[in-house]
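S.K.: So that we are looking at the same thing, I have put the structure below in structure tokens.
Protein chains: 2
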Amino acid sequence: MTDNFADRLLRAVAEKKTPAVVALDPVYARLPAEISEHRDLNDEADSEAALDAVLEYCRHVIHVIAPLVPAIKINSAFFERYYSEGIEGYYELVQEAAGNDLVVIGDVKRGDVGHSSECYAAAHTADSEFTNLPDVMAPDAITLNGYFGSDGIRPFLEAARKDAKGVFVLVRTSNESAGELQDVATADGRKVHEVLGGLVAQWAQEPGMVGSRGYSSVGAVVSARDADTAKRLREIMPQSIFLVPGYGAQGMTAEHVAPFFKSDGSGAIVAAGRSVIYAYEDTKYLEMYASEWKKCVEHACKDFVADLKRVVKIG
Amino acid sequence: MTDNFADRLLRAVAEKKTPAVVALDPVYARLPAEISEHRDLNDEADSEAALDAVLEYCRHVIHVIAPLVPAIKINSAFFERYYSEGIEGYYELVQEAAGNDLVVIGDVKRGDVGHSSECYAAAHTADSEFTNLPDVMAPDAITLNGYFGSDGIRPFLEAARKDAKGVFVLVRTSNESAGELQDVATADGRKVHEVLGGLVAQWAQEPGMVGSRGYSSVGAVVSARDADTAKRLREIMPQSIFLVPGYGAQGMTAEHVAPFFKSDGSGAIVAAGRSVIYAYEDTKYLEMYASEWKKCVEHACKDFVADLKRVVKIG
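Same order as they appear, the protein sequences are chains G and D.
The first sequence: position 280 = 280 (the working numbering), numbered continuously.
Just so we're on the same page, the working numbering is the position in the second sequence counted from 1, plus 1000.
Below you can see the structure in the form of structure tokens.
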């Protein structure tokens, strides 16, 4: 039987000695010239050709980062824009990343009322039960939107329990306007995202969710630049692993993310996307490697890992 | 040039003389026996066979309800569970419904940070710009999750403006646990969903959104069983058309939805799903039509329209 997701993720973090996660948000316009200029068939206006190029790029990125980090986060939005074939590509990359020993987080941000969430859970959290698609696997975990409350989340927890998967519920997001709703003060002196954090803490304790190290397969997506918020969220959700987005291109630094970790270095993983996967646009790496784009990505990923190491010691 | 979405929807409501909308949430296990037992290839365990059966059923439902109601809401969750081919089927049904003169609402509940929302908007709000997919059209409007605030919504508004589409932002949902987060009291005496309603009211006034009748292409999904909540939401979002789910199987009655309308009968559309599309499971209709399932659906749809007519007069 497969291990609990939280245990699996923590073990991968320990093995790679870093909580660094690479976020794969690929857009055609930023593909390296080697791919966008030198392929036989390449046309941004043709969905199949564009998707082929995007997938080729993604496979290279996966191979470059797999030895360096424990996990990858793949955002479904960037594949959905290529319609049904994009979805096929998304699942191919999930499998490719898993085959390269990466823990795979599907950044799908789904959420609906219960009977609809059951269908989303079948697609995104459970492995395929279709006889004609025996190999289609869901990611190890997905991101979820918790606005619907418990009955929208429960079908995902049931699927997660069955296949030893995990979820990360959006609690405090990294975007500039996140606070418009998420930071609104409540009558009992909390903030809206803390109320949701309290619900996550309850879901984290559901049967079958907590692993051998005391962490739950119900994690949370949290981002904030002040240590007080981080500390409060850590207190509200002691058993949840935090997925912290926003490092790098979105402006979060190692110092910003440090307070999301417990004193033993556990409790969070940090995702960097554009600052790593588009490192070949950065003059710092360009000067070192010129058009060798994969070396730029590799170096940026190592820099990301080293930067986190300054503030968080693993194992 | 295509009309503003709100104008288009209001015109369709006036033409059909009802604000009734059918919600298409098809699950294989509930397909009528005529489809699930009598097709050559039919196997719930095979995704292609199961999807074929589901799509055949959906096309029949569309043809039955198209003369009776102005709009259809198609929930992507029920197609995503069939992976890439399910997505292809979803877009086929969007086109089939539009070809039958229905306003089509894609119930996708997407939402993300800005640069990811751009991709979701390309997939779900904008019509295809790919040269190899010239005919793929997005629905007339989609549902959105507003937890990210303005910058998560804006890419959808831009796509909506360009192609005269609309959005319905989830404000107060119809599920039992909706209140866990959405009804939490805020420090300034509101509820969380009212704060989001206030943001929707701002988005509704963005350039290019308001149509000739004063309604905006930025609508809201709202559901509540008490008239006070409905009245307050109507005041907070005067320019938004409300999409009210929960009628029928989820327990909302015509009396519950009446307060969401303005005194002239405008301002809301009401969605019924399972009580209409699975009417052939209801002894009331079974006794009338036995195995003629399409007649059951047609009769239930007419009953739905008639029931709303008791409380809302159109035109």
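Each residue gets a CB set at the ideal place from its N, CA and C atoms; glycine is no exception.
Report buried or exposed for P1238 (chain D), applying the criterion of at least 16 other Cβ atoms within 10 angstroms of its Cβ.
M.R.: When all chains shown are included, P1238 (chain D) counts as exposed.
S.K.: Might you give, ordered along the chain, the residues of its own chain that have their beta carbon closer than 6 Å to the beta carbon of N1145 (chain D), omitting 5 neighbours on each side?
M.R.: Within the same chain, N1145 (chain D) has close Cβ partners K1109, G1111, L1170.
S.K.: Determine the direct distance from the alpha carbon of V244 (chain G) to that of T321 (chain G), and round the result to whole angstroms.
M.R.: Look at the range of chain G in this structure, 1 to 315, and you will see that residue 321 (chain G) is not part of it.
S.K.: For L1233 (chain D), decide whether its Cβ has a neighbour in chain G, counting only Cβ atoms nearer than 8 Å.
M.R.: Taking Cβ atoms only, chain G never reaches closer than 8 Å to L1233 (chain D), which makes this a no.
S.K.: Taking the alpha-carbon of A1029 (chain D) as reference, which of D:I1065, D:E1281, D:R1234, D:A1271 has the nearest alpha-carbon?
M.R.: The option with the nearest alpha carbon to A1029 (chain D) is D:E1281.
S.K.: Under 8 Å, do K218 (chain G) and A230 (chain G) count as touching if we go by C-beta distance?
M.R.: What sits at residue 218 (chain G) in the sequence shown is Val, not Lys. Not closer than 8 Å, so no.
S.K.: Count the other C-beta atoms from every protein chain shown that fall within 10 angstroms of the C-beta of S216 (chain G), then say buried if there are 16 or more, exposed otherwise.
M.R.: S216 (chain G) should be labelled buried.
S.K.: Among all the DSSP beta bridges, which residues are the ones paired with I317 (chain G)?
M.R.: Chain G is shown from 1 up to 315; residue 317 (chain G) falls before or after that span and cannot be answered.
S.K.: Quick one: Cα of L24 (chain G) to Cα of Q182 (chain G), how far?
M.R.: Cα to Cα, the separation comes out at about 25 Å.
S.K.: Following the continuous beta strand (DSSP E) through V1222 (chain D), name the residue where it begins and the one where it ends.
M.R.: Start and end: 1216-1222.
S.K.: Under the three-state reduction of DSSP, which class applies to Y1120 (chain D): helix, strand or coil?
M.R.: Of the three classes helix, strand and coil, the one that applies to Y1120 (chain D) here is helix, per DSSP.
S.K.: Can you list, in chain order, the residues of the stretch 241-273 of chain G whose Cβ is nearer than 7 Å to any Cβ on chain D?
M.R.: Cβ contacts with chain D: none found.
S.K.: Is T18 (chain G) helix, strand or coil by DSSP?
M.R.: Coil at T18 (chain G), not helix or strand.
S.K.: Tell me where the alpha helix (DSSP H) around A53 (chain G) begins and ends.
M.R.: 47-65 is the extent of the alpha helix (DSSP H) around A53 (chain G).
S.K.: Would you say T1229 (chain D) faces chain G, with C-beta separation under 8 Å as the test?
M.R.: It does not; no Cβ of chain G falls within 8 Å.
S.K.: So for R1172 (chain D), helix, strand or coil by DSSP?
M.R.: In the structure shown, R1172 (chain D) sits in a strand (DSSP, three-state: E or B).
S.K.: Based on the DSSP output, what are the partners of M1252 (chain D) in its beta bridges?
M.R.: DSSP lists D:Y1247 as partners of M1252 (chain D).
S.K.: Taking the alpha helix (DSSP H) that I1314 (chain D) belongs to, which residues open and close that run?
M.R.: No alpha helix (DSSP H) contains I1314 (chain D), which DSSP labels as neither H nor E.
S.K.: Given a cut-off of 8 Å on the beta-carbon distance, is the pair R1274 (chain D) and G1251 (chain D) in contact?
M.R.: Against a cut-off of 8 Å, the Cβ pair of G1251 (chain D) and R1274 (chain D) comes out as no contact.
S.K.: Taking the alpha-carbon positions, what's the K1016 (chain D) to V1069 (chain D) distance?
M.R.: In a straight line, the C-alpha of K1016 (chain D) is about 6 Å away from that of V1069 (chain D).
S.K.: Taking 8 Å as the cut-off, decide whether the C-beta atoms of S1047 (chain D) and E1085 (chain D) are in contact.
M.R.: Yes; because the gap between Cβ atoms is below 8 Å, this pair is in contact.
S.K.: Are the Cβ atoms of L1199 (chain D) and G1149 (chain D) separated by less than 8 Å?
M.R.: In contact: L1199 (chain D) and G1149 (chain D) (Cβ atoms closer than 8 Å).
S.K.: So for K165 (chain G), helix, strand or coil by DSSP?
M.R.: Coil.
S.K.: Per the DSSP calculation, K1191 (chain D) is bridged to which residue(s)?
M.R.: BP columns for K1191 (chain D) point to D:A1185.
S.K.: Give the residues of chain G in contact with F1168 (chain D), contact being defined as C-beta atoms less than 9 Å apart.
M.R.: Near F1168 (chain D) there are no residues of chain G at all, since even the closest Cβ is about 14 Å away, more than 9 Å.
S.K.: Any idea what DSSP makes of L1068 (chain D), helix, strand or coil?
M.R.: Looking at L1068 (chain D) - three-state DSSP - the assignment turns out to be coil, as it is neither helix nor strand.
S.K.: Is the stretch 1112-1128 of chain D in contact with the stretch 161-178 of chain G, if contact means three or more CB pairs nearer than 8 Å?
M.R.: Output reads yes: the stretch 161-178 of chain G touches the stretch 1112-1128 of chain D.
S.K.: In this structure, what does DSSP give as the bridge partners for A23 (chain G)?
M.R.: Answer is G:K73.
S.K.: Does A1290 (chain D) come out as helix, strand or coil in the three-state DSSP assignment?
M.R.: Looking at A1290 (chain D) - three-state DSSP - the assignment turns out to be coil, as it is neither helix nor strand.
S.K.: Within the same chain, show all residues whose beta-carbon is closer than 6 Å to that of D107 (chain G), passing over the 5 residues directly before and after it, in chain order.
M.R.: Contacts found: K73, N75, T143.
S.K.: State buried or exposed for D52 (chain G), treating a residue as buried only when at least 16 other CB atoms are found within 10 Å of its CB.
M.R.: With 16 or more Cβ atoms within 10 Å of its Cβ, D52 (chain G) is classed as buried.
S.K.: When you compare the stretch 4-11 of chain G with the stretch 205-212 of chain G, are there three or more beta-carbon pairs, one atom per stretch, that lie closer than 8 Å?
M.R.: Contact holds: three or more Cβ-Cβ distances are below 8 Å.
S.K.: Run through DSSP, which three-state label would S266 (chain G) get?
M.R.: If DSSP states are grouped into helix, strand and coil, S266 (chain G) belongs with coil.
S.K.: CB-CB under 8 Å to Y1289 (chain D), same chain, minus the five flanking residues each way: which ones, in chain order?
M.R.: Same-chain partners within the cutoff: Y1280, K1295, C1296, H1299.
S.K.: Taking the alpha carbon of E118 (chain G) as the reference point, which residue from D:Y1082, D:I1241, D:R1310, D:H1124 has its own alpha carbon closest?
M.R.: Out of D:Y1082, D:I1241, D:R1310, D:H1124, D:Y1082 has the C-alpha closest to the C-alpha of E118 (chain G).
S.K.: Check whether chain G comes within 8 Å of S1036 (chain D), counting only Cβ atoms and requiring the distance to be less than that.
M.R.: Answer no: the Cβ-Cβ gap between S1036 (chain D) and chain G never drops below 8 Å.
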